[in-house]
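*Asks:* Would you mind keeping the following structure in view while I ask a few things?
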Amino acid sequence: FDFGHFGVALKNNIKNSWWKKFVDNRRDMYGLDAAILMNGKVWEASGHVTGFSDPMEDGKQFNVMFKTQVGAGEEVAISYLRPETAQGMFVNFKNTVDAFHPKLPFGMAQIGKAFRNEIAPRDFIFRQREFEQMEIEYFIRPEDWEKYFEYWRSEMLEWMEEIGLDMGKVYELEVPDADRAHYSKRTIDFEFDFPFGKKELFGLAYRTDFDLSTHKLEYIDEEEGGKTVPHVIEPSIGVDRALLALLISAYVEDDKEGEVRSYLKFKPNIAPVICAVSPLLKNKPELVEYANIKVYAPLKAEFGRVAWDDNGNIGKRYRRQDEIGTPFCIVVDFNTLTDNTVTVRDRDTGNQERVKVSELKYYIKEKIS
Ligand code: ATP
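Following our numbering, the numbering of the sequence shown begins with 376 at its first residue and continues without gaps.
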């Protein structure tokens, strides 16, 4: 699947809100952008070469990693497109520790593409062969694992609410022993009530010291003395599934003036377009010029995700922006030319108020926060 203009804006807003909450706003988190193609030995050590398989209809196991060749001639080596971002963080564990000397607990965070040769990709962007993950590996002392498992469980729920997921559709599933991944001692799946069924949205796993041990990594604990292998709590979030669940959460139909309208009730912090600017009439140069220079240009410079919409009558423009999920439509009319105010129309209520052009920026900033 390819994402167009509004899709990529929505995706970026989801990723930015995650990065802000879990990296920028914290003191114990280190960011990373690791390579997609890593040395094949990483995937041998992690257990993915032997264990990352799904059963096929005839009962045979099918390894879902995409295999590829790296190099040419005698130098050729087998490698894989990463099926999860996690291993990039484990193999960079020592670099992060050497560079920052963090005290336990601390975490590493990464957003990036992952690839799985899924046997049956389906349900729109729910199950794809190429998708994006936002993962944290949080390194802890083993005796603290239950405490931090609970902590990350509530952090994940808090973030889901912040971006505007319909929490009435979110369920927690305690994954039974037999169904857990080879590395995990406890996993919770956060499930979402999709139109095609209740399915996994995100995961939270206690990965023990499995990964750091298999990569032969350790940590010198200056506080407690001696070497130790930290244990890991992993909150794992799929960007595409977040986006799909968000579309489903935001979709609303209501009755406006005897007409059914459908719109996306995105929170202003997540909406792909924060506001649209329109001159009331596009054949009146004085309105167009005012709207362009005094309203659109400064808002565009401030927020980026601002649309210019002068196509069709005002009613049609409102409907179009409703479908995009734009929270505010700003219209420059003839009064604007004399009193320097514009109408701001609220997507959800349809109510309009007049706002001074000089205050628009602050008006919108307040709505975002
Ligand atoms: P599933 O059981 O649905 O195959 P999983 O348990 O294998 O998922 P994880 O390995 O826990 O998934 O991956 C972490 C997250 O990455 C998932 O919770 C999901 O949000 C996302 N994800 C995994 N596989 C896909 C996929 N094929 N397409 C889109 N997102 C995915």
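Built from N, CA and C at the ideal position, the CB exists for glycine as well.
(1) Measuring alpha carbon to alpha carbon, tell me which residue in 471, 739, 744, 394 is nearest residue 595.
(2) Nearest-angstrom Cα distance between residue 599 and residue 554?
(3) Please find out if some non-hydrogen atom of the ligand ATP comes closer than 8 Å to the beta-carbon of residue 421.
(4) What number of angstroms, rounded off, separates the C-alpha of residue 385 from the C-alpha of residue 449?
(5) Under DSSP, the beta strand (DSSP E) around residue 444 begins and ends at which residues?
(6) Which stretch, first to last residue, makes up the beta strand (DSSP E) that contains residue 626?
(7) Looking at residue 704: is its Cβ nearer than 9 Å to the Cβ of residue 719?
(8) According to DSSP, simplified to helix, strand and coil, what is residue 645?
(9) Near residue 724, what residues of its chain come up, given a Cβ to Cβ distance below 6 Å and the 5 sequence neighbours on each side ignored?
(10) With DSSP as the reference, please indicate the residues paired to residue 520 in a beta bridge.
(11) Let me check understanding here. Comparing Cα to Cα, which of 615, 582, 729 lies closest to residue 383?
(12) According to DSSP, is residue 737 helix, strand or coil?
(13) Less than 8 Å between the CB of residue 574 and some heavy atom of the ligand ATP, yes or no?
(14) In whole angstroms, what is the alpha-carbon distance linking residue 432 and residue 496?
(15) Hey, quick one: how far does the alpha helix (DSSP H) through residue 660 stretch, first residue to last?
(16) How far does the alpha helix (DSSP H) with residue 466 in it extend, from its first residue to its last?
(17) Return the residue from the list 466, 474, 458, 591 that minimises the CA-CA distance to residue 491.
(18) Between the Cα of residue 488 and those of 424, 510, 544, spot the shortest distance and give me the residue it belongs to.
(19) Answer yes or no: do residue 409 and residue 485 have a C-beta to C-beta separation smaller than 9 Å?
(20) Quick one: what's got a C-beta closer than 7 Å to residue 499's C-beta in the same chain, skipping five residues either side?
(21) Is it buried or exposed, residue 744, if we count other Cβ atoms within 10 angstroms and call 16 or more buried?
(22) Do you know whose CA, among 468, 414, 700, lies nearest residue 405's CA?
(23) Verify whether the separation of the beta carbon atoms of residue 541 and residue 623 is less than 9 Å.
(24) Are residue 607 and residue 670 closer than 9 Å when you measure CB to CB?
(25) Applying the 10 Å Cβ sphere with the 16-neighbour rule, what's the burial state of residue 707?
(26) Say yes only if the C-beta of residue 437 is nearer than 8 Å to one or more non-hydrogen atoms of the ligand ATP, and no if none qualify.
(27) I'd like to confirm the pairing. Which residues does DSSP put opposite residue 407 in its beta bridges?
(28) Just to confirm my understanding: we take residue 559, look at its own chain, exclude 5 residues before and 5 after, and list those with CB closer than 7 Å. What are they?
(29) Should residue 389 be counted as a contact of the ligand NAP given a C-beta to heavy atom distance under 8 Å?
(30) Should residue 400 go down as buried or exposed, given a rule of 16 or more other Cβ atoms within 10 Å for buried?
(31) Would the region 636-649 and the region 681-700 be scored as touching if the rule is three or more Cβ pairs under 8 Å?
*Replies:* According to the structure shown:
(1) 471
(2) 36 Å
(3) No.
(4) 45 Å
(5) For residue 444, the enclosing beta strand (DSSP E) has its first and last residue at 442-445.
(6) 626-631
(7) yes
(8) Residue state, collapsed to three classes: coil.
(9) none
(10) In DSSP, residue 520 forms no bridge with anything.
(11) Considering only alpha carbons, the answer is 615.
(12) In this structure, residue 737 counts as helix in the three-state DSSP scheme.
(13) yes
(14) 15 Å
(15) 660-665
(16) It spans 461-466 - the alpha helix (DSSP H) in which residue 466 sits, taken as one unbroken run.
(17) 458
(18) 510
(19) yes
(20) 619
(21) exposed
(22) 468
(23) A contact, by the Cβ cut-off of 9 Å.
(24) no
(25) buried
(26) Not under cutoff, so the answer is no.
(27) Answer is 485, bridged to residue 407.
(28) 580, 581, 582
(29) Because the ligand NAP does not appear in the structure shown, any question about it cannot be addressed here, the ligands present being the ligand ATP.
(30) Exposed: under 16 other Cβ atoms inside 10 Å.
(31) yes
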